[in-house]
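Trainee: Here you go, one structure.
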Amino acid sequence: MTAAFLEVREVSKHYGSTLALDRVSFDVQEGEIFGLLGPNGAGKTTLLSIVSCLLEPTSGEVRLLGRPLVLGDREVRRLIGVVPQELALYGDLSARENLHFFGELYGICGPEFHRRVAQILAAIGLEDKAGDRVRTFSGGMKRRLNLGIALVHGPRLLLLDEPTVGVDPQSRNHIFEEVRRLNGEGMTLVYTSHYMEEVQALCSRIGIMDHGRIKACDTLPRLLQILPGALRFTVASLTPALRERLKNLPGASLSEGEDGRLELECADVKGTLVELMRLLQQAQAELVSFDIEETNLERVFLHLTGRQLRD
Amino acid sequence: MSIVWALVKKELRLVLRDPVALILLFVLPLLFILVFGLFVGDSFGQKPDKRLRISLVDLDHGSGLNKGEPWSHVVRRDLAETANIRIEIIDSPEEAERLIHEHKRAAILVFQSHFSERINDCSFLADGLNPFHRDGVYLDKVDVQLWKDEKQPATAAVIEQVVQVSLLRVILPWMIGRAFERLSDPEFIQLLGEKVNLPVPKQFPFNMLRKEKIKLGELLKMASSGNPDTAQMYKKKVGDGVQAALAEQFKKYNLRGKTWASLTKSSEDAREGAEVSSYENREGSGPLRYGGEHYKYLVPMFVVMFVFFLVLIAGWVFVAERRQGTLRRLQTAPLTRGHILMGKMVPCFALSVGQTLFLLIASRWLFGVRWGPDNWPLGEQLAWLLPVVLSTSLAAMGLALLIAAVARSELQVAIYGGLLVLVLAVVGGCVLPREMMPETTQFITLLTPQGWALDAYRELLGGSQEYQPNTAIIVRSCGVLAALGAASLGLASWLLRLD
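Structure below.
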């Protein structure tokens, strides 16, 4: 079995008596977009700081391509690009100057570098504003540049810490497109967010974090299976035969309310719905009301952490 | 190296694009020098001379008491020997007029060309010139003028009183001495012979003249038996006798002396430290007062003071890097702590040196401040000046990094840095020149880097054309500044947290 691209093993971090990370473990495979979903204060930024060699864990280990990450390892930093949560830009430099400066810190120069800067400017949609001072940019433009800077040295692992905070929908879409494009080119990404929709839309695997712990880590469909969905309905006349057939639906359990409302709890909502429709048609039962409750990440998060994502 | 260069380039770009930083570094110091240069007096920075200055123009070329020496010189000498007075000679009435007009002098004494002649005419005799009135001497009668600035009446009145007293001290003994000489004059004895009428003693044989009284002149004539030469001799004897008797009577005085010192027999008590100097223009010329003496003090003071304002700039640069999150981003790049520190220190040092050179060039060009004595070629001047510039900037950079190490926000930089820079500037002599401080507290200036820097700068910038700077002072100051800079840089590098 080949080693994971990024391995996080039993990582803990203490700030004095405060436990910021509690034995966090997960793997990220090469070419994957891994999402870390959690509310503010869950420990996502601390975890990314450790992965980007800015912080040393109190215990545990992180490996990139099998190589342990340690503070001061300058070579491994060349493999990592970081998009910090706060905008980290020089307002009095232009977009191009910001990109050039951060590129030069990695020792990159020459015509190839200039071409790369031009490509990034085009990719983040700032070609026309390349010579303008960054302080004149909108929040969204700054966010895009914030992402562009992390790419200037051609990293293999990109860490994005809440990259869409406070941006307009257009810039958000731009960032999504860029993330997908980079992933399409084979880049491995770790994406943290407290926006469920973003993680759901972008990430192939998701780690749910709360209070410094990974509560669950899997692909989206498997995470959704943690909680059953539900079909709620009432029929005009519920015959004992129909009740019996509903009770026997595979993968579903029937409950009946005092008001005559029926609820089928099931893991496979779509499959159960098809079966339900077939049974009602056979019994020629009239459907009076119908409501469907699908499992989503938010419900899973609530189920796992006992609180809403935006609490 | 390319990483440090990238950091340096970025830092210089940011500072040079910040108008506030540019104003603080380059415009403000020059403005301070300019404004202070226009408003402070030409004696700024020098130990204040508390003696009363009597300025005068001497147009008197006559001859007085001593052959060839005009009476004006006697008055000048008398004034100069008066305690707490210094004499300033102004070359021309035009210059004197300008100084009064510009309120630079409260009063100026002008000895006109007939002064000696008029003093020679002064006498108690009926045909002599009587220069006196109730309060002193009629200045116009002796061909003297006192030009006064109407805006400084009190000082002018003091000067007038001093002049009056001095004139009295010169004219009165002259007139008394001359009068005393007349006592042995045959004309005076003739007059005395006419005026003294004595009773004839009864036992005298010439009682046969049947006179009850006889004049002194007749007695002398009788005694000479009509021989005119003998009569003349007797008259002289009487004159000498009168003089001798008066001299005996008033023996504390020399009534023949024609000067105050001689009259009062106090010549041995002439005051020491009499000072007569020529007026020289120390104010500079043109609207910027180019070449003014005061710039020798102002330029080093403000150059040194503003070099240390680097503390604020460097502090802000560090804090801004933290605040805007770019420091974190720098740390994710393959940089060492040394790279980041050098990336800050090198541009700060370059800015400091650039600022100083700019101010020195501007001061030389605008205000005529020399970089060393005129007999030093420019290369030699620079060879001494550059180490001073570099060591001062090093000390400033050390202090700047110390502040950056302890301040966590722009406000803290402004408070810690601003206070420190201002206090050190005041203590170091950048606000009040050391020469104007009490002697007992002057040593305190050397507890600050500013004090040492000023010592070195003043040696080079503060001398006259001929002044030869004390190079030992310059070397010592540079050494102290470099050591201070290195020590504070070491301490700051140790204290500085880059997270």
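Chains as they are written, first to last, in this note's numbering: chain A, 1 to 311; chain B, 1001 to 1499.
Glycine included, each C-beta is placed from N, C-alpha and C at the ideal position.
Please read all numbers here as calculations on a predicted model, not as lab measurements.
Assign B/Ser-1266 to buried or exposed, taking buried as 16 or more other Cβ atoms, counted over all protein chains shown, within 10 Å of its Cβ.
Mentor: B/Ser-1266 should be labelled exposed.
Trainee: Using a C-beta to C-beta distance shorter than 8 Å, which residues of chain A count as neighbours of B/Arg-1497?
Mentor: Chain A residues near B/Arg-1497: none, gap ~13 Å exceeds 8 Å.
Trainee: Using the rule of at least 16 other Cβ atoms within 10 Å of the residue's Cβ for burial, across every protein chain shown, is A/Tyr-15 buried or exposed?
Mentor: So A/Tyr-15 ends up on the exposed side.
Trainee: Please list the segments of the beta strand (DSSP E) lying wholly inside the region 204-291 of chain A, counting only runs of 3 or more residues, in order along the chain.
Mentor: Qualifying beta strand (DSSP E) stretches, in chain order: 205-210, 213-219, 229-235, 252-256, 262-266.
Trainee: For A/Tyr-90, which of helix, strand or coil comes out of DSSP?
Mentor: In the structure shown, A/Tyr-90 sits in coil (DSSP, three-state: anything other than H, G, I, E or B).
Trainee: Please work out which residues of its chain come closer than 8 Å, Cβ to Cβ, to B/Leu-1357, disregarding the five sequence neighbours upstream and downstream, and give them in chain order.
Mentor: Closer than 8 Å at Cβ, skipping near neighbours: Val-1389.
Trainee: Please list the residues of the region 6-38 of chain A that have a C-beta atom closer than 9 Å to any C-beta atom in chain B, keeping them in chain order.
Mentor: Those residues of the region 6-38 of chain A that come within reach of chain B (Cβ to Cβ, closer than 9 Å) do not exist; the list is empty.
Trainee: Report yes or no: is there a C-beta of chain A within less than 8 Å of the C-beta of B/Arg-1105?
Mentor: So, not an interface residue.
Trainee: Note down, in chain order, every chain B residue with its Cβ under 8 Å from the Cβ of A/Tyr-90.
Mentor: Within chain B, the residues near A/Tyr-90 are Lys-1010, Leu-1014, Gln-1324, Thr-1326.
Trainee: Please determine, among A/Gly-41, A/Glu-30, A/Val-28, A/Leu-47, the residue with the shortest C-alpha to C-alpha distance to A/Ser-12.
Mentor: Among A/Gly-41, A/Glu-30, A/Val-28, A/Leu-47, the Cα nearest to that of A/Ser-12 is on A/Leu-47.
Trainee: Are there 16 or more other CB atoms within 10 angstroms of the CB of A/Ser-59, so buried, or fewer, so exposed?
Mentor: A/Ser-59 comes out exposed.
Trainee: Closer than 8 Å, CB to CB, is A/Phe-332 near chain B or not?
Mentor: Beyond the ends of chain A as shown, which are 1 and 311, falls residue 332 of chain A; an answer cannot be given.
Trainee: Taking A/Phe-102 as the query, report the chain B residues whose CB atoms sit under 8 Å from its CB, ordered along the chain.
Mentor: Per Cβ cutoff of 8 Å: Arg-1329, Ala-1333.
Trainee: Pull up the distance between the alpha-carbon of B/Gly-1064 and that of B/Arg-1169, whole angstroms please.
Mentor: Answer to the nearest angstrom: the Cα atoms are 15 Å apart.
Trainee: In chain A, which residues lie with their C-beta within 9 Å of the C-beta of B/Ile-1003?
Mentor: Ordered by position in chain A, the residues that pass the 9 Å Cβ test against B/Ile-1003 are Glu-104, Leu-105, Tyr-106, Gly-107.
Trainee: Checking 8 Å against the spacing of the C-beta atoms, do A/Leu-145 and B/Gly-1325 come in under that value?
Mentor: In this structure, B/Gly-1325 does not lie closer than 8 Å to A/Leu-145 by Cβ.
Trainee: Can you list the residues of chain B that A/Val-82 reaches, using a CB-CB cut of under 8 Å?
Mentor: By Cβ distance, chain B contributes Arg-1329, Thr-1332.
Trainee: Against chain A, does B/Ala-1006 count as a neighbour if the rule is that its beta carbon must be under 8 Å from one of theirs?
Mentor: Judged by the 8 Å Cβ criterion, B/Ala-1006 is in contact with chain A.
Trainee: Use the C-beta contact count for A/Ala-122: other C-beta atoms within 10 angstroms, 16 or more gives buried, fewer gives exposed.
Mentor: By the 10 Å Cβ count, A/Ala-122 comes out exposed.
Trainee: Report the start-end ranges of each alpha helix (DSSP H) in the region 1054-1131 of chain B that is 4 residues or longer and not cut off at the edges.
Mentor: As far as the region 1054-1131 of chain B is concerned, its whole alpha helix (DSSP H) runs of at least 4 residues are 1071-1080, 1093-1101, 1115-1121.
Trainee: What residues match up with A/Phe-34 in a beta bridge as DSSP calls it?
Mentor: A/Phe-34 pairs with A/Val-190, A/Arg-205.
Trainee: State yes or no: is the beta carbon of B/Arg-1017 nearer than 8 Å to at least one beta carbon in chain A?
Mentor: Answer yes: the Cβ-Cβ gap between B/Arg-1017 and chain A drops below 8 Å somewhere.
Trainee: Which residues in chain B sit within 7 Å of A/Leu-87, going by Cβ to Cβ distance?
Mentor: What A/Leu-87 touches in chain B: Gly-1325.
Trainee: Which first and last residues belong to the alpha helix (DSSP H) in which B/Lys-1148 is found?
Mentor: Careful: B/Lys-1148 lies outside any alpha helix (DSSP H), inside the beta strand (DSSP E) at 1144-1148.
Trainee: Where does A/Pro-163 sit, in a helix, a strand or coil, going by DSSP?
Mentor: Of the three classes helix, strand and coil, the one that applies to A/Pro-163 here is coil, per DSSP.
Trainee: Assuming B/Pro-1228 is part of the alpha helix (DSSP H), what are its boundary residues?
Mentor: Residues 1228-1249.
Trainee: Between A/Leu-126 and A/Gly-81, is the Cβ-Cβ spacing less than 8 Å?
Mentor: No. Outside cutoff.
Trainee: Is A/Ser-94 close to chain D? Criterion is C-beta to C-beta, closer than 8 Å.
Mentor: Of the protein chains in the structure, A and B, none is chain D.
Trainee: Could you have a look at A/Glu-56 and say whether DSSP puts it in helix, strand or coil?
Mentor: A/Glu-56: coil per DSSP, three-state reduction.
Trainee: I'd like to know if the region 125-139 of chain A and the region 1361-1370 of chain B are in contact, where contact means that at least 3 CB-CB pairs between them fall below 8 Å.
Mentor: Because the criterion of three Cβ pairs below 8 Å is not met, the region 125-139 of chain A and the region 1361-1370 of chain B do not touch.
Trainee: Would you say A/Ser-52 reaches chain B, if we count a Cβ-Cβ gap shorter than 8 Å as a contact?
Mentor: It does; some Cβ of chain B falls within 8 Å.
Trainee: Given that a residue counts as buried once 16 or more other Cβ atoms are within 10 Å of its Cβ, and exposed if not, what is B/Phe-1443?
Mentor: Exposed: under 16 other Cβ atoms inside 10 Å.
Trainee: Buried or exposed for A/Ala-20, please, with buried defined as at least 16 other CB atoms from any protein chain shown within 10 angstroms of its CB.
Mentor: A/Ala-20 is buried by the Cβ-count criterion.
Trainee: Find the nearest neighbour of A/Leu-99 within the set B/Gly-1343, B/Arg-1329, B/Leu-1446, B/Leu-1359, judged by alpha-carbon distance.
Mentor: The residue with the shortest Cα to Cα distance from A/Leu-99 is B/Arg-1329.
Trainee: Using the three-state DSSP reduction, which class does A/Ile-80 fall into: helix, strand or coil?
Mentor: A/Ile-80: strand per DSSP, three-state reduction.
Trainee: What are the start and end residues of the beta strand (DSSP E) that includes A/Thr-18?
Mentor: First-last of the beta strand (DSSP E) with A/Thr-18: 18-28.
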